[in-house]
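The structure under discussion appears below in the form of structure tokens.
Number of protein chains: 2
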Amino acid sequence: MTANKDKETGSERISEAEYAVMEALWQRSPQTAAEVCDTVCEERGWSMPTVKTLLSRLVAKGALATEPDGRRFLYTPLLERHTYVGGESKRLVQRLFGGRAAPLFAQLAENEALTEEDIAEIERLLREMKK
Amino acid sequence: MTANKDKETGSERISEAEYAVMEALWQRSPQTAAEVCDTVCEERGWSMPTVKTLLSRLVAKGALATEPDGRRFLYTPLLERHTYVGGESKRLVQRLFGGRAAPLFAQLAENEALTEEDIAEIERLLREMKK
DNA sequence: CTATTCAGACTACAGATGTAGTCATAACGC
DNA sequence: GCGTTATGACTACATCTGTAGTCTGAATAG
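These protein sequence lines map, in sequence, to chains A and B. Residues in the first sequence are numbered from 0 upward in steps of one, following numbering that gives the first Met the number 0. Residues in the second sequence are numbered from 0 upward in steps of one, following numbering that gives the first Met the number 0.
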């Protein structure tokens with residue numbers, strides 16, 4: 000997985016369209032191209048060629064693995080959702096908040112992006128962190 | 000400023016290179032193109048034409064205003080840093096965390112991206128929010 | 001066995017982005 | 001007033017991203 004990790008932190012990033020495909024496969028994999036399209040094409044307004052392109056690019060980026068199944072491939076993520084999401088979060092914090100999380104939190108609080116459930120959850124996490 | 004706000008939330012986004020230019024002008028404005036270059040060119044490895052292009056694109060996007068000063072322009076942000084940063088934060092949360100902030104917080108906590116100062120600050124903010 | 005199908009491989013193109021070069025001219029300096 | 005200069009306007013090109021079309025042939029179906 001080390002090589003895969005390099006891909007994530009290197010210059011090849013997963014684009015937003017590619018992320019939508021990854022999300023579908025994180026939820027359920029392995030899947031064929033047609034199955035992925037069933038999952039995302041209606042909601043994204045894509046057609047099958049689009050999905051196939053994105054899958055192909057993700058394979059080239061090392062984010063997906065392929066397993067032949069008859070004449071088609073079964074696609075499986077090599078890049079974990081957790082890894083991707085963590086990288087993107089950290090990147091935003093570093094890029095816009097000087098690497099500090101508190102200003103981000105303040106920003107979200109100010110935008111009323113924090114629900115009561117969020118607050119309760121964060122408090123619980125803070126308590127755990129103090130142990 | 001309403002029109003400007005539309006620009007931010009519309010399809011025209013500020014790219015990363017453009018953001019670097021904005022950051023320089025948020026720190027100090029108005030500035031001329033040459034002054035902006037003095038600020039960012041060495042650190043980014045850019046030359047003057049690059050900065051000029053980015054400034055020009057930002058003006059076209061409505062993020063910067065120009066004021067003639069002799070044969071050159073003084074550039075001033077129309078898009079506030081606060082607005083931009085808030086939009087990007089919200090966008091990440093919506094895109095990767097289903098619109099919920101707590102999972103983002105948990106992610107940052109897990110990545111050891113939270114300093115003790117961050118935690119203290121967040122606790123303070125939580126207390127204020129409960130008033 | 002044959003006809004059909006479907007999915008990967010390959011291609012296309014527009015727009016966005018990153019980085020930079022060229023040129024004309026109004027402003028500047030002497 | 002004249003020569004110089006700096007800067008905006010315009011252009012260039014490579015890469016990335018978004019979206020999709022075409023084609024071939026191996027797998028599939030009958």
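For each residue, glycine too, the CB sits at the ideal point set by N, CA and C. Bear in mind that the values here come from a model prediction, so they are computed numbers and not experimental data.
Output, in chain order, the set of chain A residues within a Cβ distance shorter than 8 Å of residue i.
i: M128 of chain B; result: A108, L113, I118
i: A23 of chain B; result: Near A23 of chain B there are no residues of chain A at all, since even the closest Cβ is about 14 Å away, more than 8 Å.
Check whether chain B comes within 8 Å of residue i, counting only Cβ atoms and requiring the distance to be less than that.
i: F72 of chain A; result: no
i: S89 of chain A; result: Here residue 89 of chain A is Lys; the residue named in the question, Ser, does not match the sequence. Output row for K89 of chain A: interface = yes.
i: G85 of chain A; result: yes
i: G9 of chain A; result: In this prediction, G9 of chain A scores a pLDDT of 36, lower than 50, which makes its location untrustworthy; the coordinate-derived value is nonetheless stated afterwards. No, no contact with chain B.
i: L125 of chain A; result: yes
Hey, could you find the ends of the alpha helix (DSSP H) residue i is sitting in?
i: F96 of chain A; result: 80 to 96
i: P48 of chain B; result: 47 to 59
i: R99 of chain A; result: Where R99 of chain A is concerned, there is no enclosing alpha helix (DSSP H), given that its DSSP letter is neither H nor E.
i: A112 of chain A; result: Per DSSP, A112 of chain A belongs to no alpha helix (DSSP H) and is neither H nor E.
i: R12 of chain B; result: R12 of chain B -> no alpha helix (DSSP H), and no H or E assigned at all.
i: R43 of chain B; result: 32 to 43
Kindly list, in the order they appear in chain A, the residues whose Cβ is closer than 9 Å to that of residue i.
i: V92 of chain B; result: L107, A112
i: L13 of chain B; result: Note that residue 13 of chain B is Ile in the sequence shown here, rather than Leu. Neighbours of I13 of chain B on chain A: none; closest Cβ ~11 Å, over 9 Å.
Applying the criterion that 16 or more other CB atoms from any shown protein chain within 10 Å of the CB defines a buried residue, is residue i buried or exposed?
i: A119 of chain B; result: exposed
i: P76 of chain A; result: buried
i: Q93 of chain A; result: exposed
i: A62 of chain A; result: buried
i: S14 of chain A; result: exposed
i: A100 of chain A; result: buried
i: K129 of chain B; result: exposed
i: E116 of chain B; result: exposed
Tell me which residue opens and which closes the beta strand (DSSP E) that residue i is part of.
i: R71 of chain B; result: 71 to 76
i: A64 of chain B; result: 63 to 68
Using 8 Å as the limit for Cβ to Cβ distance, is residue i near chain A?
i: R56 of chain B; result: no
i: L63 of chain B; result: no
i: R99 of chain B; result: yes
i: E122 of chain B; result: yes
i: L95 of chain B; result: yes
i: L103 of chain B; result: yes
Considering only residues of the same chain and omitting the five flanking positions on each side of residue i, which have a CB-CB separation below 8 Å?
i: S102 of chain B; result: Going by the sequence as given, residue 102 of chain B is Pro instead of Ser. F96.
i: Q30 of chain B; result: A23, L24, T38, L73, Y74
i: Y18 of chain A; result: Y83
i: L107 of chain B; result: L113
i: V20 of chain B; result: V35, V39, V50, L53, L54, L57
i: M47 of chain B; result: A32, A33, C36, C40
i: G98 of chain B; result: V92
Check the Cβ of residue i against every Cβ in chain B and list those closer than 9 Å, keeping chain order.
i: E17 of chain A; result: Near E17 of chain A there are no residues of chain B at all, since even the closest Cβ is about 13 Å away, more than 9 Å.
Leaving out five residues on either side along the sequence, give the residues of the same chain with a beta carbon under 7 Å from the beta carbon of residue i.
i: R80 of chain A; result: W25
i: A16 of chain B; result: L53
Quick one: what's got a C-beta closer than 6 Å to residue i's C-beta in the same chain, skipping five residues either side?
i: K4 of chain B; result: Confidence at K4 of chain B is low in this model, with a pLDDT of 36, below 50, so the placement of that residue is unreliable and no value is reported for it.
i: L124 of chain A; result: none
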